[in-house]
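Right, one structure below, let's go through it.
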Amino acid sequence: ETELDVISLAIKYHLTILTKEARAKLLVLLNKDKFTFNNHIKRLKEKGIFVPWENGKTLMLNQNIQHSVEQAMKDGEIKITLNEHVN
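Residue numbering for the sequence shown follows this note's numbering, starting at 522 and increasing by one per position.
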């Protein structure tokens with residue numbers, strides 16, 4: 522549930538690039554502690570929802586997700602499926 526909240530808030534507030542400032546804003550919006558928040562970001566990165574951006578230290582929302590959401594907004598319906606990686 523929190524992972525979906527992270528995604529939806531990132532899109533809603535146009536925080537698709539997770540700069541230090543964007544992370545701080547998401548942390549406040551989610552009302553979570555930093556440790557919990559970072560764990561959710563790590564899981565979303567492992568699932569390919571957030572991907573490395575520019576220098577590799579910053580993350581951004583996967584452009585395929587952004588495109589899917591934009592298209593879904595035109596269609597009036599959003600469906601998100603998260604698959605866990607099996608190692």
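All C-beta atoms, glycine included, are put in the ideal place defined by N, C-alpha and C. As the structure is a computational prediction, the values presented were derived from the model and not from experiment.
query: Which class does Ile586 belong to by DSSP, given the choice of helix, strand or coil?
result: helix
message: Taking the alpha-carbon of Glu524 as reference, which of Asp596, Gly597, Gly569 has the nearest alpha-carbon?
response: Gly569
- prompt: What does Val572 pair with, by DSSP beta-bridge criteria?
  reply: Met581
query: Can you tell me whether Val549 is buried or exposed, with buried defined as 16 or more other CB within 10 angstroms of its CB?
result: exposed
query: Can you tell which of Glu591, Leu539, Ile586 has its C-alpha closest to the C-alpha of Asn559?
result: Leu539
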